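*Asks:*
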Amino acid sequence: MRRKLPTLCLSLLLVGWWSQAPHRAAGHGQGQASRQSAELEEASRLNEQALKLSREGKYAEALPLAERILVIRQTNLGHTHPDVATSLNNIASLFRALGDYARAETLFRSTLALRETNLGPEHPDVGRSLNDLGLLYLEKSDYTRAEPLLERALAILEKALGPGHQDVTNSVYNLASLYRVKGDHGRAEPLYRRALIITEKALDPANPIVSYPLIGLALLYQNQGDYTRAEPLLERALAVLEKALGAEHPRVVNALKLLAELYEAQGEMSQAIEIRSRSQETRERLLSRTLATGSERLKLSYLATLSGETAATVSLHIRSAPAAPLALQLALTTILRRKGRALDAMSDQVASLRRSLDPQDRALLGQLSAAQSRLATLTLSEPVKPPPAEPTPDVTTIRPKAAPGGRPSRPRRPEPPSAASRIQAEIERLQEAVSRRSAEISAQTPPVTIELVRQAIPDGAALVEFFSYRPLDAKAKTRAEKFGPARYVAYVLRKESAPRWADLGEAAVVDASMARLLASLKCPQTVRDINQCPTISEVRRLARDVDERVMRPIRPLTGDARHLFISPDGALNLLPFAALVDEKDKYLVESYALTYLTSGRDLLRLQQSAESRQPPLVIADPDFGPNIPAGRGLANGTEAAPVRRSTDMVQVHFNPLTGTRAEAKALFAVMPDVQLLTQGQATEAALKQVSAPRVLHIATHGFFLSDQPAEATDGTRGLSLVIGDEGGSRALARSENPLLRSGLALAGANLGQGAGGEDGTLTALEASALDLWGTKLVVLSACETGIGEVRNGEGVYGLRRALVLAGSESQVMSLWQVSDDATRDLMIRYYKRLMTGEGRTEALRRVQIGMLGGGKVEAGGQQRGIGVQGSGADRRHPYFWAAFIQSGDWRSMQTQPASAK
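Numbering (the working numbering), first residue to last: 9 to 909.
(1) Compare the C-alpha of Pro624 against each of Asp511, Arg613 and Ser699 and name the closest.
(2) Measuring CA to CA, which of Arg548, Ile627, Lys485 and Ala470 is closest to Tyr604?
(3) Quick check: what's the CA-CA separation for Ser118 versus Asn97?
(4) Is the CB-CB distance between Asp555 and Leu580 below 7 Å?
(5) Counting C-beta neighbours from all protein chains within 10 Å, is the total for Lys592 16 or more, i.e. buried, or is it exposed?
(6) Hey, how far is the Cα of Leu807 from the Cα of Ser45?
(7) Residues bridged to Leu788 by DSSP?
(8) Is it right to say Asp681 is buried, meaning 16 or more other beta carbons lie within 10 angstroms of its own, or is it exposed?
(9) Give the straight-line distance between the Cα atoms of Arg809 and Ser776, rounded to the nearest whole angstrom.
(10) What do you get for Glu766, buried or exposed, if any count of 16 or more other CB atoms within 10 angstroms of its CB means buried?
(11) In this structure, does DSSP put Ile893 in helix, strand or coil?
(12) Whose C-beta lies closer than 6 Å to the C-beta of Ile627 among residues of the same chain, with five residues either side of it excluded?
(13) Restricting to Cα atoms, I'd like to know which of Ser303, Val497 and Gln279 is closest to Met559.
(14) Pair every Cβ in the segment 839–849 with every Cβ in the segment 487–505, then say whether three or more of these pairs are closer than 8 Å.
(15) Which residue comes first and which comes last in the beta strand (DSSP E) that contains Pro623?
(16) Please confirm whether Leu780 and Ser818 have their CB atoms less than 7 Å apart.
(17) What's the gap between the Cα of Leu120 and the Cα of Val176?
(18) So, do the segment 603–619 and the segment 457–471 have three or more beta carbon pairs nearer to each other than 8 Å?
(19) Can we say the segment 381–390 touches the segment 754–773, given the rule of at least three CB pairs closer than 8 Å?
(20) Going by alpha carbons, who is nearest to Thr478 out of Ala515, Ala510, Val461 and Ala464?
(21) Hey, could you find the ends of the alpha helix (DSSP H) Leu471 is sitting in?
(22) Can you tell me whether Ala264 is buried or exposed? The criterion is at least 16 other CB atoms within 10 Å of its CB, across all chains shown.
(23) Going by beta carbon distance, what residues of the same chain come within less than 7 Å of Leu186, once the five residues before and after it are set aside?
(24) Ignoring anything shorter than 4 residues or poking outside the segment 313–349, list the alpha helix (DSSP H) runs there in chain order.
(25) How is Tyr499 classed by DSSP in three states: helix, strand or coil?
(26) Would you give the residue range spanned by the alpha helix (DSSP H) that Val554 belongs to?
(27) What runs of the beta strand (DSSP E), each 3 residues or longer, lie entirely inside the segment 155–222?
(28) I need the straight-line Cα distance from Phe712 to Phe585, nearest angstrom please.
(29) I'd like the list of long-range same chain contacts for Ala890, defined as Cβ closer than 6 Å, with 5 residues on each side in sequence excluded.
(30) Figure out for me which residue from Lys190, His173, Ile77 and Gln432 has the closest Cα to the Cα of Thr207.
(31) Taking the beta strand (DSSP E) that Phe573 falls in, what are its first and last residues?
(32) Grab the span of the beta strand (DSSP E) containing Leu752 for me, first residue to last.
(33) When the Cα of Ala488 is compared with those of Glu792, His571 and Lys190, which residue comes out closest?
(34) Grab me the residues of Val500's own chain with a C-beta within less than 8 Å of its C-beta, minus the 5 sequence neighbours each way, in chain order.
(35) Beta strand (DSSP E) containing Thr603: first to last residue?
(36) List the DSSP bridge partners of Met821.
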């Protein structure tokens, strides 16, 4: 007779806690009377709520409850109690479901260590923990680590529970899945069949757990090309899941996705498009709900789990159904909804609280800003000890150490978290609070559609939506073969016509061509001898090559449009499109106005505007403090530098920028109501006090510290790394928050001491907390303020992202270290045009064209390279005029859209 698991157990199974579900079910309700603590009773109530949410697929909403339960249990039961291990495992399972694999792994490993120590290495709970950890590695495609864990888990569970136990079935299923994705179908099929037989015998056929082995077998047959056997199994699994869980559950969406891939593999494109469309519409509703809660990290992690299905949706159009209008519409709709989505979610949530008149909402934002500042100050100043050079323990052989008397010793309490990790945890807690509060006071926005975006495109313009994706092969036999090398595609949308598209080829080829161009454009900042730099004609040849790959396939699709909204992806985020050269040997800036967007969805956000609350503010010529002598190098006069974080500002020296002083004076004359802060007044504290100035112009040093050593050329608004442990810095740079590795230097930066207790350096993380909701334009007249860490689908992590999070409508930033004198002239001309009512994009374009046509050339024959300073500098070179890009609102600041209420 089939048995029906209790509701508590079922919810565990659905969120991935299958391995411990029968164990928890067996103990459900026992021992409650013995609990004396009211807090433990509260934990039990919270547990029921968390399980209900997880059963409904609301993992992000269940997470804070599960974390609260853990705190209560640790406080009342100690850190080694079995219930604490259960809480750790539950939280890990939620993190896994939400895509935060790093945190899931840490917690799964902690659970395993606790259980091995307390229960012994052969206990079934240890087997369940091994299974959970192995499943995590399987999802990460780390098969080498997954296989021994899953094999050991199965051996323990079979010995302890018998071959027909449901936990054993779960372990069998996971091991079968591992063999399948590796292409070992001969070992996978009998295990799948065994799991199905046991499950069907033990459970009601309508139980959603039955769907697991059904799906596994279907995928196995699909990998083998046996579609006739795969289709009925997958359809049956989908029917079971829909009946048990409802159409809006993540498990149902995943089953639809798999069914769409099966139809695509069979060449049944109309069905594939229909099912894929259905899955994506449901996914959009689930995504909106998930992004309404949680920290930015959790939002990004969850979106990363969807990258494969986004790529598969685009691939369905480009690879399998290029002539199908519905496939095109589905692909473009999905891109418009997914690209830059985490940025939108966070900025909208912060904006809703800024619009609120509730003092508690503003206090919450103030707490978040303060925590981000503390983290930035700590990161930029605190030496970090190098990690111990010892290998990661093999979790398949973890054994508790024996204490005197032969009994296993109690596990040590974990080391207390570092100051930085405590502050980071506080930031994430506050971000979660912002998300929750925003959901309470803001109405949910309708889903983005192509039609809504189309109507927002102005006359005479075109949206060019680039997307980097890995094409799906629905007939692949292994997971490794499923997705091919990354490619670029561009979708073009105009107000009066249907969307069109162009395949731009492999991303590696395009990126390599672009890298050669960027190296030539940035040459003056990387060499001492300017004669080593390419001539203008050589730069133009490289720019023509990039244009041939990126823009020439697009031009026939844009028609007579002379304003292009460029929404880049991948490395294209760092490309100065204005400097590309077309087949008529003209720079693109000569033919087009170019506005950068994170996503075409930005056009909808820019339809509303907030009122400015302060006059324009110019911050320039900061007093950075005394120069640091060359070779000073190390903190505290020590001989050997400790390993420091990549943004350890002890290693950075900022020279005075005389050009910014003249720039500020000229802007003061152009904008009569401007507020001017220079020298000792140009402080980080003053900048953090701004409240939506109409214009914010900052002329100073900018920096982006990557995993490569950097040094500024004299006369540029860049940084100089004085000295330090480059190896340690580069290693740490790759793991840090990229918003902590870019920023602006202000008064006192060379000393690490500014007014108001600040350190004189505004990182992008701190800039993201500025109150710019109502600021029409932010101009960062500094080096490399438009670059950062590029993440496919989410844009550039640096000041560019920070200023959008802060609420600014438009930004002007640079892509490389810029000439001080040339930048001063460019900015003065730009503001003069803005004050006449010219649009933010068009004004920059006109200034760039003016520099292009009016440069000075050194006498004495052909010049090799360019001079960065002096009257002989040839400012027709794109180095001088193409570094700055404009993103966001393109219109005149004298004509604004309706204000947001």
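All residues carry an ideal CB built from backbone N, CA and C; glycine is no exception.
As the structure is a prediction and not an experimental result, all values here were calculated from the model.
*Replies:* Reading it off the structure:
(1) Ser699
(2) Ala470
(3) Cα to Cα, the separation comes out at about 9 Å.
(4) no
(5) exposed
(6) 49 Å
(7) Residue pairing by DSSP places Leu788 opposite Ile706 in a beta bridge.
(8) exposed
(9) 8 Å
(10) buried
(11) strand
(12) Leu685, Ala690 and Ile706
(13) Val497
(14) no
(15) First-last for Pro623: undefined, no H or E at that position.
(16) Taking 7 Å as the Cβ cut-off, Leu780 and Ser818 do not qualify as a contacting pair.
(17) 18 Å
(18) yes
(19) The segment 381–390 is in contact with the segment 754–773.
(20) Per the sequence shown, the amino acid found at residue 478 is Arg instead of Thr. Checked all of Ala515, Ala510, Val461 and Ala464; the closest Cα to Arg478 is Ala515.
(21) Note, Leu471: premise wrong, no alpha helix (DSSP H); beta strand (DSSP E) at Ala469 to Tyr477.
(22) The amino acid occupying residue 264 in the given sequence is Leu; Ala does not appear at that position. Counting Cβ neighbours within 10 Å, Leu264 comes out buried, since at least 16 surround it.
(23) Counting only Cβ-Cβ distances below 7 Å, and skipping sequence neighbours, we find Leu146, Tyr151, Ala154, Glu155 and Leu158.
(24) 315–323 and 333–346
(25) strand
(26) Ile544 to Val558
(27) none
(28) Linking Phe712 to Phe585 through their CA atoms gives a straight-line distance of about 21 Å.
(29) Pro584, Ala586 and Ala587
(30) His173
(31) His571 to Ser575
(32) Ser750 to Ala753
(33) Checking every option, the nearest Cα to that of Ala488 belongs to Lys190.
(34) Ala470, Leu471, Val472, Glu473, Pro507, Arg508, Trp509, Ala510, Ile562, Leu565 and Thr566
(35) Ala601 to Tyr604
(36) When beta bridges are read from the DSSP output, Met821 appears opposite Ile893.
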